[in-house]
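Asks: Anchor point for the sequence shown: position 218 equals 211 in this note's numbering, and the numbering is continuous, going up by one each time. Sharing a structure here in structure tokens format.
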Amino acid sequence: SFDEHGGCYDHVPPPCHATPPEPGALSNEGDFHFDRFGVRVPAIVVSSYVEPGTVFRAEEGEAPYDHTSILATLRDWKELDQDPAHPFLPSSRIAAAPTLARVLTRSEANHEWPTLTHSHRVKTDKGILKRPLNDLETSFLVGEENRRRGDQPVDPESIDHIRNTVKTHQHLVSYRRQRDAPQRKLLGKVAELWLQLRLNVVAPIVQWCADRIDAFRH
């Protein structure tokens, strides 16, 4: 699924009447209830159980496909919500989302693999490199220079984000070791060495930097 629509114009406005993830206002201002969908974005389903060239959308009258459809599909596929007393994905938004099961129509997997051609380098238009920077590009450069000089104030949320990223990475590494990883057989010791480097060197350095920034802020 694409995260954004790329700024392309869409003649279809975002639909309303979406099921909120939970009752009540969910915004800081207290006036937004997440009861509408966002702009349309493309999504690609890659599976040997999908007929090639399938194009689909939600049926008329039902909730449109959105990002929560992926969560709903994983929930049903892996049977993650078997305990009613402790639902794995309790969000009402996910419960109302249509799943992708309807496009998995093949009874047997398709073993015909496409022939991939070599990628070609895209020629750069030299005229683009000569044009002046627009306002967005200029703001990026100004912001980066301010951060480099220390003029940009440290955002506490950024520190929390760094810490959460480190903790998430450490958790995923420990979880990954409990599962078979075919790609590790291909890369062998090089992949394992890189994994250990990220866990034992990069992650502690990021954590140390976050602690120093937090101490400096206080």
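Beta carbons: idealized from backbone N, C-alpha and C, even for Gly.
In chain order, what residues of the same chain have a beta carbon less than 7 Å from the beta carbon of Asp69, not counting five sequence neighbours either side?
Replies: For this step, residue 69 is matched to residue 76 along the sequence shown. The residues are Thr92, Ala94.
Asks: Once the 5 residues before and after Ala51 are set aside, which same chain residues still bring their CB inside 8 Å of it?
Replies: Taking the sequence shown and counting its residues from 1, one reaches residue 51 at position 58. Pro57, Tyr58, Pro91, listed in sequence order.
Asks: Could you check which residue in Phe25, Arg33, Pro13, Glu53 has the C-alpha nearest to that of Asp3?
Replies: Here residue 3 refers to the residue found at position 10 when the sequence shown is read from its first residue. Residue Arg33 is the option with its Cα nearest to Asp3.
Asks: Only counting the same chain, and skipping five residues up and downstream in sequence, which positions put a Cβ closer than 8 Å to that of Pro14?
Replies: For the purposes of this step, residue 14 is identified with residue 21 of the sequence shown, where counting begins at 1. Cβ neighbours of Pro14 beyond the five flanking positions: Phe27, Ser84, Ser85, Arg86, Ile87.
Asks: Rounded to the nearest angstrom, how far is the Cβ of Arg29 from that of Cys9, given a contact under 8 Å?
Replies: Stepping through the sequence shown from its first residue, residue 29 is reached at position 36. Stepping through the sequence shown from its first residue, residue 9 is reached at position 16. About 5 Å separates the two Cβ atoms, so the contact holds.
Asks: Return the first residue and the last residue of the alpha helix (DSSP H) that Asn139 is part of.
Replies: Counting from 1 along the sequence shown, the entry for residue 139 is found at position 146. Start and end: 128 to 142.
Asks: According to DSSP, Cys9 sits in a beta bridge with which residue or residues?
Replies: Walking along the sequence shown from the start, residue 9 turns up at place 16. Partner(s): Arg29.
Asks: Residue range of the alpha helix (DSSP H) that Leu97 falls in?
Replies: In the sequence shown, residue 97 corresponds to position 104, counting from 1. No alpha helix (DSSP H) holds Leu97; DSSP gives it neither H nor E.
Asks: Just to confirm, is the Cβ distance from Val39 to Val96 under 8 Å?
Replies: Position 46 of the sequence shown, counted from the first residue, corresponds to residue 39. Position 103 of the sequence shown, counted from the first residue, corresponds to residue 96. Cβ atoms of Val39 and Val96: not closer than 8 Å.
Asks: In terms of residue numbering, what span does the alpha helix (DSSP H) encompassing Ala65 cover?
Replies: Residue mapping note: residue 65 aligns to position 72 of the sequence shown, counting from 1. Ala65 -> alpha helix (DSSP H) spans 61 to 70.
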